[in-house]
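Asks:
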Amino acid sequence: MSSLVPKAQMAFCLYSQPNSPPLLLRVSPKYTTRPILINSSSRSLQLRAVAAESAMANSVRVAAAQMTSINDLAANFATCSRLVKEAAAAGAKMLCFPENFSYVGAKDGDSLKIAEPLDGTIMKGYCSLARESSIWLSLGGFQEKGFDDAHLRNTHVLIDDAGNIRSTYSKMFLFDVDVPGGTSYKESSFTEAGKKIVAVDSPVGRLGLTVCYDLRFPEIYQQLRFNHEAQVLLIPAAFTKVTGQAHWEILLRARAIETQCYVIAAAQAGNHNEKRESYGDTLIIDPWGTVVGRLLDRLSTGITVADIDFSLIDSVRAKMPISKHQKPDEFWKSASL
Numbered sequence: 001m002s003s004l005v006p007k008a009q010m011a012f013c014l015y016s017q018p019n020s021p022p023l024l025l026r027v028s029p030k031y032t033t034r035p036i037l038i039n040s041s042s043r044s045l046q047l048r049a050v051a052a053e054s055a056m057a058n059s060v061r062v063a064a065a066q067m068t069s070i071n072d073l074a075a076n077f078a079t080c081s082r083l084v085k086e087a088a089a090a091g092a093k094m095l096c097f098p099e100n101f102s103y104v105g106a107k108d109g110d111s112l113k114i115a116e117p118l119d120g121t122i123m124k125g126y127c128s129l130a131r132e133s134s135i136w137l138s139l140g141g142f143q144e145k146g147f148d149d150a151h152l153r154n155t156h157v158l159i160d161d162a163g164n165i166r167s168t169y170s171k172m173f174l175f176d177v178d179v180p181g182g183t184s185y186k187e188s189s190f191t192e193a194g195k196k197i198v199a200v201d202s203p204v205g206r207l208g209l210t211v212c213y214d215l216r217f218p219e220i221y222q223q224l225r226f227n228h229e230a231q232v233l234l235i236p237a238a239f240t241k242v243t244g245q246a247h248w249e250i251l252l253r254a255r256a257i258e259t260q261c262y263v264i265a266a267a268q269a270g271n272h273n274e275k276r277e278s279y280g281d282t283l284i285i286d287p288w289g290t291v292v293g294r295l296l297d298r299l300s301t302g303i304t305v306a307d308i309d310f311s312l313i314d315s316v317r318a319k320m321p322i323s324k325h326q327k328p329d330e331f332w333k334s335a336s337l
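Sequence positions in the sequence shown follow the UniProt record's numbering and run 1 to 337.
Below is the structure:
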């Protein structure tokens with residue numbers, strides 16, 4: 001079974017300050033060599049070096065962003081614009097942003113006030129970013145205007161490298177939870193739940209679109225893999241600090257292992273305001289459950305990059321053919337203890 005375990009293909013990019021040089025962590029393919037930290041004042045040289053490593057056959061490079069969104073649309077857009085340029089320079093074909101990438105309100109009702117339709121000025125700006133850098137963007141958790149002024153949709157938007165919206169998914173499972181420590185959330189009070197599973201083809205594989213709290217419901221990922229043929233699961237999120245510490249990585253690796261898909265989980269990180277803090281720890285995980293992309297600092301703003309290896313997907317699925325071992329729905333209806 002050890003033949004299933006892939007060699008490491010990791011390159012972690014950290015850009016914690018807008019004007020500081022990048023910090024790059026390379027990991028040896030054999031896991032036995034200690035990581036080497038390289039600090040350089042030449043950002044473009046670093047990024048070109050990272051991009052050159054994506055020449056592996058039958059693979060494509062992706063990036064996942066981490067940020068701390070605030071209640072300032074322009075400031076968040078500026079951060080996203082910088083990260084898009086860095087991902088494109090690193091050779092990524094797609095960059096995934098976290099939930100609420102464009103805005104995090106400081107008080108109840110703020111998100112409703114800025115919610116827009118998909119053809120509004122906010123999304124047009126992000127479409128321009130994709131077009132200018134010729135990169136696909138996964139924009140998780142956009143505040144899309146709902147059926148009335150009291151509701152919005154938590155919408156995952158996929159934009160192609162020409163700046164066109166290719167697909168959208170509205171968050172299906174809403175975060176109505178009492179978090180340990182005394183904080184309560186009631187997302188359903190202002191959010192309209194989605195009702196459709198979405199999978200879409202892209203240059204980085206067949207994508208399954210989800211958002212944050214969906215992660216706790218494995219059935220949606222089973223549907224995406226076995227009924228919609230997903231190869232890569234996108235899980236943009238803004239996990240709380242408490243739930244993230246307890247469950248974030250465990251849940252993500254479980255979803256990757258049980259579906260034999262890559263998982264790209266872009267995360268919000270740090271303090272958005274006095275009342276809200278996100279866990280961070282943006283991850284890219286391969287179909288064997290191995291973390292292949294992670295920022296050096298769990299709370300920093302930056303990107304991590306990794307290669308989607310389609311031959312690895314095929315190999316894991318062929319050697320452990322769980323799709324052939326599944327039981328039909330009729331079996332479970334008739335099964336008894």
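By construction, the Cβ of each residue, glycine as well, lies at the ideal position given by its N, Cα and C atoms.
Per the contact definition of three or more C-beta pairs closer than 8 angstroms, is the stretch 62–69 in contact with the stretch 283–299?
Replies: Flag = yes, the stretch 283–299 and the stretch 62–69 touch.
Asks: Assign His272 to one of two classes, buried (16 or more other C-beta atoms within 10 Å of its C-beta) or exposed (fewer than that).
Replies: For the purposes of this step, residue 272 is taken as the residue at position 272 of the sequence shown. Classification for His272: buried.
Asks: Relative to the alpha-carbon of Arg166, which residue among Leu118, Lys145, Phe147 has its alpha-carbon at the smallest distance?
Replies: On the sequence shown, residue 166 is found 166 positions in, with the first residue counted as 1. Measuring from the Cα of Arg166, the nearest candidate turns out to be Leu118.
Asks: What are the partner residues of Cys80, as DSSP defines its beta bridges?
Replies: As a working note, residue 80 is residue 80 in the sequence shown. Paired residues: none, contrary to the question.
Asks: Report buried or exposed for Val50, applying the criterion of at least 16 other Cβ atoms within 10 angstroms of its Cβ.
Replies: One-based indexing of the sequence shown puts residue 50 at position 50. Low local confidence applies: a pLDDT of 47 at Val50 is under 50, so the model's placement there is unreliable, and no value is given.
Asks: Find the nearest neighbour of Ser59 within the set Glu277, Leu312, Ser334, judged by alpha-carbon distance.
Replies: For the purposes of this step, residue 59 is identified with residue 59 of the sequence shown, where counting begins at 1. Ser59 has its Cα closest to that of Leu312, out of Glu277, Leu312, Ser334.
Asks: What residue from His156, Gln260, Gln245 has the CA that sits closest to Asp214's CA?
Replies: The residue you call residue 214 lines up with position 214 of the sequence shown. Cα-wise, what sits closest to Asp214 is His156.
Asks: With Leu73 and Ser111 assumed to form a contact (beta carbons below 8 angstroms), what rounded beta-carbon distance in angstroms separates them?
Replies: Numbered from its first residue, the sequence shown carries residue 73 at position 73. Numbered from its first residue, the sequence shown carries residue 111 at position 111. The Cβ separation is near 11 angstroms, so there is no contact.
Asks: Alpha carbon to alpha carbon, how far is His247 from Tyr262? Give it in angstroms, no decimals.
Replies: For the purposes of this step, residue 262 is taken as residue 262 along the sequence shown, with counting starting at 1. For the purposes of this step, residue 247 is taken as residue 247 along the sequence shown, with counting starting at 1. Cα to Cα, the separation comes out at about 18 angstroms.
Asks: How about the stretch 172–191 and the stretch 223–234: do they share at least three Cβ pairs that are nearer than 8 angstroms?
Replies: They do not touch, by the three-pair rule.
Asks: Can you give me the C-alpha to C-alpha distance between Ser188 and Leu139, rounded to a whole angstrom?
Replies: In the sequence shown, residue 188 corresponds to position 188, counting from 1. In the sequence shown, residue 139 corresponds to position 139, counting from 1. Computed Cα separation, rounded: 21 angstroms.
Asks: For Ile235, count the other beta carbons within 10 Å of its own beta carbon; 16 or more makes it buried, fewer makes it exposed. Which is it?
Replies: The sequence position of residue 235 within the sequence shown is 235, counting from 1. Buried, since its Cβ has 16 or more Cβ neighbours within 10 Å.
Asks: Count the other CB atoms within 10 Å of the CB of Glu330; is the residue buried (16 or more) or exposed (fewer)?
Replies: One-based indexing of the sequence shown puts residue 330 at position 330. Exposed, by the Cβ-count rule.
Asks: Just to confirm before moving on: does the CB-CB distance between Thr153 and Glu192 stay below 8 angstroms?
Replies: The residue given as residue 153 occupies position 153 in the sequence shown. The residue given as residue 192 occupies position 192 in the sequence shown. The displayed chain sequence assigns Arg, not Thr, to residue 153. Yes; because the gap between Cβ atoms is below 8 angstroms, this pair is in contact.
Asks: Taking 8 angstroms as the threshold (C-beta atoms), are Val84 and Ser134 in contact?
Replies: Numbered from its first residue, the sequence shown carries residue 134 at position 134. Numbered from its first residue, the sequence shown carries residue 84 at position 84. Result no, Cβ atoms of Ser134 and Val84 do not sit closer than 8 angstroms.
Asks: Using the three-state DSSP reduction, which class does Glu132 fall into: helix, strand or coil?
Replies: On the sequence shown, residue 132 is found 132 positions in, with the first residue counted as 1. Glu132 falls in the helix class under three-state DSSP.
Asks: Roughly how many whole angstroms lie between the Cα atoms of Glu258 and Asp108?
Replies: The sequence position of residue 258 within the sequence shown is 258, counting from 1. The sequence position of residue 108 within the sequence shown is 108, counting from 1. Looking at the two C-alpha atoms, the distance is approximately 37 angstroms.
Asks: Pull the bridge partners of Cys96 from the DSSP assignment, please.
Replies: Taking the sequence shown and counting its residues from 1, the one referred to as residue 96 is at position 96. Answer is Ala64, Ser138.
Asks: DSSP beta-bridge partners for Leu152?
Replies: For the purposes of this step, residue 152 is taken as residue 152 along the sequence shown, with counting starting at 1. DSSP lists Lys145, Thr191 as partners of Leu152.
Asks: Are the CB atoms of Gly280 and Arg255 nearer to each other than 8 angstroms?
Replies: Here residue 280 refers to the residue found at position 280 of the sequence shown. Here residue 255 refers to the residue found at position 255 of the sequence shown. No, Cβ-Cβ distance for Gly280 and Arg255 is not below 8 angstroms.
Asks: Run through DSSP, which three-state label would Asp309 get?
Replies: Start at 1 with the first residue of the sequence shown, and residue 309 comes out as number 309. Strand at Asp309.
Asks: So Arg206 and Gln231 are in contact, right, with Cβ under 8 angstroms, and what is the actual spacing, rounded?
Replies: Residue mapping note: residue 206 aligns to position 206 of the sequence shown, counting from 1. Residue mapping note: residue 231 aligns to position 231 of the sequence shown, counting from 1. Indeed, because the Cβ distance is near 5 angstroms, the residues count as touching under 8 angstroms.
Asks: Name the one or two DSSP bridge partners that Gln268 has.
Replies: Here the question's residue 268 lines up with position 268 in the sequence shown. DSSP lists Met67 as partners of Gln268.
Asks: If you compare alpha carbons, which of Lys171, Gly146, Leu129, Gly141 is closest to Asp161?
Replies: Here the question's residue 161 lines up with position 161 in the sequence shown. With distances taken between Cα atoms, Asp161 lies closest to Leu129.
Asks: What's the C-alpha gap between Val291 and Gln222?
Replies: The residue labelled residue 291 in the question sits at position 291 within the sequence shown. The residue labelled residue 222 in the question sits at position 222 within the sequence shown. Cα to Cα, the separation comes out at about 20 angstroms.
Asks: So, are the CB atoms of Leu233 and Gly208 less than 8 angstroms apart?
Replies: Translated into the one-based positions of the sequence shown, residue 233 becomes position 233. Translated into the one-based positions of the sequence shown, residue 208 becomes position 208. Yes.
Asks: Could you tell me which of Gly270, Glu274, Glu249, Ala90 sits nearest to Ile264, measuring between CA atoms?
Replies: Looking up residue 264 in the sequence shown gives position 264. Nearest of Gly270, Glu274, Glu249, Ala90 to Ile264, Cα basis: Glu249.
Asks: Rounded to a whole number of angstroms, what is the C-alpha to C-alpha distance between Val27 and Ala306?
Replies: The count along the sequence shown starts at 1 and reaches residue 27 at position 27. The count along the sequence shown starts at 1 and reaches residue 306 at position 306. Confidence is the limiting factor: at Val27 the pLDDT is only 35, short of 50, which leaves the residue's position unreliable and the question unanswerable from this model.
Asks: Measuring only the C-alpha atoms, how far is Thr68 from Ala237?
Replies: Mapped onto the sequence shown, residue 68 falls at position 68. Mapped onto the sequence shown, residue 237 falls at position 237. Distance between the alpha carbons of Thr68 and Ala237: 12 angstroms.
Asks: Taking 8 angstroms as the cut-off, decide whether the C-beta atoms of Ser303 and Leu95 are in contact.
Replies: Working through the sequence shown from its first residue, we reach residue 303 at position 303. Working through the sequence shown from its first residue, we reach residue 95 at position 95. Note that residue 303 is Ile in the sequence shown here, rather than Ser. Closer than 8 angstroms, so yes.
Asks: Buried or exposed for Asn76, please, with buried defined as at least 16 other CB atoms from any protein chain shown within 10 angstroms of its CB.
Replies: Against the sequence shown, residue 76 aligns to sequence position 76. So Asn76 ends up on the buried side.
Asks: By DSSP, does Lys186 sit in helix, in strand, or in coil?
Replies: If you number the sequence shown from 1, residue 186 lands on position 186. Residue state, collapsed to three classes: strand.
Asks: Smallest Cα separation from Gly293: which of Ser315, Ala92, Thr210?
Replies: Taking the first residue of the sequence shown as 1, we reach residue 293 at position 293. Nearest C-alpha to Gly293: Ala92.
Asks: Using a threshold of 8 angstroms, state whether the C-beta atoms of Thr301 and Thr121 are closer than that.
Replies: Position 301 of the sequence shown holds residue 301. Position 121 of the sequence shown holds residue 121. Not a contact, by the Cβ cut-off of 8 angstroms.
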